[in-house]
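Step one of this worksheet: look at the structure below.
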Amino acid sequence: MSAGGSGGAKTAYPPNTIMAIGAVGGLAGIYLGHFMPPAYSFFGGLGAICAIVWGADAVRRVASYGLGTGVPSIGMIALGMGIIAALFGLSVGGIAGPIVSFIVAGIIGAIIGILANKVIGMGIPIMERAMVEIAGAGTLAIIGLSVVIAGTFNYADVVQNVVANGYIALIFIIGGMGILHPFNANLGPDETQDRTLMLAVEKAAIAVVITGFASSLHEGLMAAGLNILVGLIIWAFAFMKYYELVKRDAYSVVGTGLLPSAEELQ
Amino acid sequence: MIEGLMANILPMVFIVIGGVLISWSVHFVPVGGAPAAMAQATGIGTGTVQLAAGAGLTGLVSAGFMMNVTTNLPLILSSGAVGAMIMMSVTMIVGSWVYAYGVGCVPASAKVKVDPITKYRQDIYVSQGTEGHGLPTVCFVSGVIGAALGGIGGALVYYALIEVGISAGLSAGAAASVTGNELVGIAAMFAIGIFFVNAVIPSYNIGGTIEGFHDPKWKKWPKAVISSFIATIFCAIVAVIAILQLGGI
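Chains as they are written, first to last, in full-length UniProt numbering: chain A, 1 to 266; chain B, 1 to 249.
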C-alpha cells in the first residue's frame with residue numbers, strides 16, 4: 001500500500017515560501033488572536049489555516065517518495081508530536097508559549113526524522129526536514145484552533161476551556177484531517193500542488209467553522225458567530241476555487257444527465 | 001524543573017516502557033491495508049496506525065474506567081489489556097465474517113504453506129494473483145497478543161501520567177461536573193500523543209502489510225523498538241514537565 005511515486009514532488013511554489021507562510025502566518029495569527037479582544041479570536045483560525053497548508057505541503061513532499069504505509073499515518077504523527085509540543089510549550093513558555101512549542105516540535109520532529117532514516121532506514125532524503133516541518137505545522141495548527149475556542153493561549157485557560165472538556169480531541173482529528181487529507185485525496189500521477197493546497201485551505205476552513213461552534217461555550221454567541229462566519233467565507237471561496245482547479249486538471253468534465261427511465265430505454 | 005523530573009523518575013520509566021510496548025505490539029497486529037480490503041492480502045483492511053490507535057485508545061478508556069475504583073497497578077494494566085483485546089478480537093472476527101460470507105473466500109495466507117498453529121495446509125486455498133485473504137488462525141492469535149501488549153502500554157502511560165499529576169497535587173477522581181477534570185484531560189491527550197508517535201514509528205518499519213509473528217518482516221521489530229525507546233524518552237520528559245506545571249497553576 002505504498003502511496004505516491006518514488007521521487008521528489010513537482011512544485012510550483014517553493015517549499016521555503018510555503019514554510020515562511022506557515023510559520024510566520026501561523027505565529028502571527030496565534031499572537032493576534034491572543035492579544036486582540038475575544039471577538040477577534042478568528043485570527044487564531046487564520047493562523048491555523050496557514051499552518052495546515054504548510055503541513056499539507058510538507059506531507060505532499062515526503063509522501064511523494066512512497067512511505068510504504070498510508071499517507072494518513074504521517075498526518076497522525078504530526079498531531080501526535082504536535083499535541084505533546086503544544087501543551088509543553090504553553091505550560092512553560094508564558095507569553096512566548098507558541099514559540100517554545102514550535103521549537104520543541106522542531107526538536108521532537110528532528111529526533112523522529114533522524115530515527116526514521118538512520119535506525120529504521122527509510123532512506124528518504126528529505127525525511128528529517130519534512131518531520132521538523134510537519135511537527136511544527138501540527139503544533140501551530142493545534143494552538144491556532146485552541147485560540148479560536150479559548151480566545152487566548154494562556155496555559156490555564158487552554159487547559160480549562162479546550163483540554164478538560166475534550167474539545168482538544170476534536171481539534172486533534174480535524175487538524176489531522178487538514179494536514180493528511182489533501183494529499184491523500186489528490187495523490188496520483190496528475191496531482192498538482194495548487195490543487196492539493198487549495199483542498200488544505202478548504203479543510204482548514206471547516207476546522208475553523210467547527211471550532212467556531214465550540215467557541216460559543218466560552219466566548220459567547222457573538223464571537224462564535226464571527227468565527228463561524230469567517231470560516232464559512234473562506235470555505236466557500238476555497239471550495240469554489242478547488243472545484244475550478246479540479247475542472248482545470250480533469251481531462252474533460254461532461255454532464256451525463258440522469259439515468260434514462262424505463263420508457264426511454266425502449 | 002529538574003527536581004520535578006528527578007522526583008518522577010519512576011513514572012517516566014513507566015511511560016518509556018509503555019511506549020516501547022506499544023511499538024512492539026504493532027508488529028503483532030495483522031495489517032493488510034487497502035489490498036486486504038480488496039481480499040488480496042491477509043489481515044485487516046486498514047492501516048497500522050488506525051488499528052494500533054483503536055486498540056490503544058480502547059485500552060486507555062478501560063484502564064481509565066478501572067482507575068475510578070482502584071489504584072492497583074496490575075488490575076489497571078489487565079483492564080487496559082482486556083479492553084484492547086476485546087476491541088481487536090471483535091474487529092478481526094467481524095472482518096473474518098465479511099471475508100467468508102461477504103466476499104466468499106477462505107482465510108488463507110500465501111506467505112507460509114502451513115498455518116503455524118492449526119497445522120492446516122493453506123497454499124491450495126489461496127486465490128491466484130493474491131497474497132492470501134482473510135484472517136487465518138495464527139493472524140487472529142497474533143492480533144490478540146498485539147492488542148494485549150498495546151493495551152498494557154497505553155494503560156501504563158496513562159497511569160504514569162495520572163500519578164505525576166497526583167504527586168503535583170491535582171485530583172483525578174470522578175469530578176462533580178462532567179467537564180472540568182483538567183488532569184484526566186491532559187493525561188489522556190498526552191497518552192494519545194505518545195500513542196500515535198509510537199504507532200507510526202513501527203508502521204514505517206513494517207512498510208505495508210504484516211501477518212503477525214510468523215511474517216518474515218516481524219524480525220525487524222528491534223529497530224522500531226529502539227527508535228520508539230529514544231523518541232518516548234523525550235516525549236516523557238516533555239509530558240511530565242507539562243503536567244507538573246499544571247499543578248503550579
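Where a beta carbon is used, it is the ideal one built from N, C-alpha and C, also for glycine.
query	result
Since I believe Gly150 of chain B is in contact with Ser25 of chain B (beta carbons under 8 angstroms), could you give me their beta-carbon distance rounded to a whole number of angstroms?	4 angstroms
Does the distance from the CB of Gly137 of chain A to the CB of Ile108 of chain A come in under 9 angstroms?	As written in the sequence, residue 137 of chain A is Ala, which differs from the Gly given in the question. No. Outside cutoff.
For the alpha helix (DSSP H) containing Ala155 of chain B, list its first residue and its last residue.	137-167
Is the CB of Phe88 of chain A under 9 angstroms away from at least one CB in chain B?	yes
Is it right to say Ala52 of chain B is buried, meaning 16 or more other beta carbons lie within 10 angstroms of its own, or is it exposed?	buried
On the premise that Thr69 of chain A lies in contact with Gly207 of chain B, defined as a C-beta separation below 8 angstroms, what is that separation, rounded to the nearest angstrom?	6 angstroms
Nearest chain B C-beta to Leu258 of chain A closer than 9 angstroms, yes or no?	no
Are at least three pairs of beta-carbons, each pair with one atom in the region 233-248 of chain B and one in the region 156-175 of chain B, less than 8 angstroms apart?	yes
Can you say whether Pro37 of chain A is buried or exposed, counting buried as having 16 or more other CB atoms within 10 angstroms of its CB?	exposed
Can you grab the Cα-Cα spacing for the pair Phe140 of chain B / Ser167 of chain B, in whole Å?	40 angstroms
In whole angstroms, what is the alpha-carbon distance linking Gly89 of chain A and Gly166 of chain A?	19 angstroms
Three-state secondary structure (DSSP) at Val31 of chain B?	strand
Name the two residues that bound the continuous alpha helix (DSSP H) containing Arg121 of chain B.	Where Arg121 of chain B is concerned, there is no enclosing alpha helix (DSSP H), given that its DSSP letter is neither H nor E.
With a threshold of 9 angstroms between beta carbons, is Thr231 of chain B in contact with chain A?	Reading off the sequence, residue 231 of chain B comes out as Ala, not Thr. Taking Cβ atoms only, chain A reaches closer than 9 angstroms to Ala231 of chain B, which makes this a yes.
Does the region 29-46 of chain B come into contact with the region 86-103 of chain B, if we say contact requires no fewer than three beta-carbon pairs (one atom in each stretch) closer than 8 angstroms?	yes
For Leu10 of chain B, which of B:Ile233, B:Tyr120, B:Leu246 has the nearest alpha-carbon?	B:Ile233
Determine whether the beta carbon atoms of Met189 of chain B and Val163 of chain A lie at a separation below 9 angstroms.	yes
Following the continuous alpha helix (DSSP H) through Leu183 of chain B, name the residue where it begins and the one where it ends.	182-206
Does chain A have any CB closer than 9 angstroms to the CB of Asn68 of chain B?	no
Is Ala108 of chain B helix, strand or coil when you go by DSSP?	strand
For the alpha helix (DSSP H) that Trp24 of chain B lies in, which residues bound it at each end?	9-26
From Pro222 of chain B to Leu259 of chain A, what does the alpha carbon distance come to, in whole angstroms?	57 angstroms
Output, in chain order, the set of chain A residues within a Cβ distance shorter than 8 angstroms of Met189 of chain B.	Ile83, Leu87, Val163, Ile168, Ala169, Phe172
Is the distance from the Cβ of Ala96 of chain A to the Cβ of Ile179 of chain A below 9 angstroms?	no
In whole angstroms, give me the CA-to-CA distance for Ile173 of chain A and Gly257 of chain A.	37 angstroms
Note down, in chain order, each residue of its chain lying with its Cβ closer than 8 angstroms to the Cβ of Asp123 of chain B, except the 5 sequence neighbours on either side.	Ala108, Ala110, Lys113
Short of 7 angstroms in beta carbon distance, which residues of its chain neighbour Met87 of chain B, apart from the five on each side in sequence? Order them along the chain.	Gly54, Ala55, Thr58, Ala147
How would you list, in chain order, the residues of chain A whose beta-carbon sits under 8 angstroms from the beta-carbon of Gln122 of chain B?	What Gln122 of chain B touches in chain A: nothing, since even the nearest Cβ is about 22 angstroms away.
For the putative contact between Gly25 of chain A and Val148 of chain A, defined by C-beta atoms under 8 angstroms, what is the C-beta separation to the nearest angstrom?	Not confirmed; about 15 angstroms, so no contact.
Rounded to the nearest angstrom, what separates Leu73 of chain B and Ala81 of chain B at their Cα positions?	12 angstroms
For Val159 of chain A, which residues in chain B fall below 9 angstroms Cβ to Cβ?	Glu182, Gly185, Ile186, Leu246, Ile249
With distances taken from CA atoms, which of A:Gly33, A:Ala58, A:Phe42 is nearest Leu229 of chain A?	A:Phe42
Opposite Gly132 of chain B in the DSSP bridges: which residues?	B:Ser109
Based on Cα-Cα distance, which residue from A:Ala205, A:Ser101, A:Phe183, A:Tyr31 lies nearest to residue 267 of chain A?	Since the first and last residues shown for chain A are 1 and 266, residue 267 of chain A lies out of range.
Have a look at A:Val104, A:Ile18, A:Gln160, A:Leu140 and flag the residue whose alpha-carbon is nearest the alpha-carbon of Ser215 of chain A.	A:Gln160
Starting from the Cα of Pro72 of chain A, find the closest Cα among A:Phe35, A:Ala238, A:Leu187 and give me that residue.	A:Leu187
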